[in-house]
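Number of protein chains: 2
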Amino acid sequence: MTDEHLQKAAQLLDENGLRKTRPRLEILCVLLEADSPLTGEQVFERVTAGSVDKATVYRTLLLLLKHDIVHNAYLRNRIRHFELAHHCKPDRCHPHFTCRDCGRTVCLYQAIVPDVQNLPAGFLVLHRQTRLEGICADCRVRHYS
Amino acid sequence: MTDEHLQKAAQLLDENGLRKTRPRLEILCVLLEADSPLTGEQVFERVTAGSVDKATVYRTLLLLLKHDIVHNAYLRNRIRHFELAHHCKPDRCHPHFTCRDCGRTVCLYQAIVPDVQNLPAGFLVLHRQTRLEGICADCRVRHYS
DNA sequence: TACTTCTTGCAAATCATTTGCAAATAGATT
DNA sequence: AATCTATTTGCAAATGATTTGCAAGAAGTA
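As they're listed, the protein sequences go chains Z and B. Under this note's numbering, think of the first position of the first sequence as 36, with each following residue one higher. Under this note's numbering, think of the first position of the second sequence as 36, with each following residue one higher.
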């Protein structure tokens, strides 16, 4: 939890007119440090040693979601994954790649996703997210050695 | 549950060397009749009046998933949605569009999804699914009238 | 400093899904 | 058609992630 992250966290809360409480700051710092989407459980584990209740973690994530500070990544089923929304335009999220071998999920910030063509008439797209599955570079190398 | 669906259901089980039991045939017919991905709960409700146990519904859906007869649609969190895989190529699923207004999900079979560009080196994509969110044609009309 | 409202921690509830186990059944065999 | 054996099913109970109720505790304001 660097000072830089702490400041960014405080700023995000301020901008949205939310109270700067210790649990919220800690949870935002955890998300700022993460390099892939986290589950509620993972956020709970990473917050300074049991200092924040699990119910508070979930309530906070839901709050941040409502304010579009975080959004959901649609990965494995039955488990919600959260990530900060600041890498994405509101209507287009970067693709997530999940490796079938090692199970890890990578955010592909630099990938380019062309628009979907030939949508039925009258449909207005407000958000798009692409989910990729396959074998990551590390695992491919591992299999050939 | 038409005869045509029943036959198709039996065929799908045969092709995969699975026993043709009543619960399996009924569940497959429900999926064949559906025009959008269904949750386990929804499949359970649609199967002839409580004739199949809910545990069996879930076990069967998992079995069909393992044989790639059905696959998951990644929609709302915490709830798994299942649909027959026969509309998709193994590596590319059609996009799903969920309306923020009416909540309904539509399968966009006819949409064209160009490949993701600029993937990091060494990544092998085996499956792709696009999730769209927005306002469907019906709801847009409703709002302007 | 006092106050009012929003937040938190704790424990219990909920919801979708999974599992253990004995009884029932599909499909092969006689 | 009856028998047999491995699968599958129904039922009840367990699980795991998430949510909720509520009294005690802080944040921001007067």
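All residues carry an ideal CB built from backbone N, CA and C; glycine is no exception.
For Gly85 of chain B, the three-state secondary structure derived from DSSP is helix. Collapsing the DSSP output to three states places Leu100 of chain Z in a helix. Between the segment 87 to 94 of chain B and the segment 38 to 55 of chain B there are fewer than three inter-stretch CB-CB distances shorter than 8 Å, so the stretches are not counted as touching. For Ala172 of chain B, the nearest CB of chain Z lies under 7 Å from its own CB, placing it at the interface with that chain.
Where Ala45 of chain B is concerned, the enclosing alpha helix (DSSP H) starts and stops at 38 to 50. Taking 7 Å as the cut-off between beta carbons, none of the residues of the segment 91 to 106 of chain Z comes near chain B. Note on geometry: alpha-carbon atoms of Thr83 of chain Z and His116 of chain B lie some 35 Å from one another. In terms of CA proximity to Leu110 of chain Z, B:His162 leads the group B:His162, B:Val87, B:Lys124, B:Pro155. At least one CB of chain B lies nearer than 7 Å to the CB of Pro130 of chain Z. One finds Phe158, Leu159, Val160, Leu161, His162 in chain B with Cβ atoms closer than 8 Å to the Cβ of Gly169 of chain Z, taken in chain order.
In this structure Arg135 of chain Z is in contact with Ile170 of chain Z, their Cβ atoms being roughly 6 Å apart against a cut-off of 8 Å. Interface criterion not met: the Cβ of Arg127 of chain Z is under 7 Å from no Cβ in chain B.
Closest by C-alpha distance to Ser86 of chain B, out of B:Pro58, B:Ala146, B:His129, is B:Pro58.
At least one C-beta of chain Z is nearer than 7 Å to the C-beta of Ala146 of chain B. When Cβ-Cβ separations below 7 Å define contact, Tyr179 of chain B makes no contact with chain Z. Using a Cβ distance threshold of 7 Å, Leu167 of chain Z and Phe132 of chain Z count as a contacting pair.
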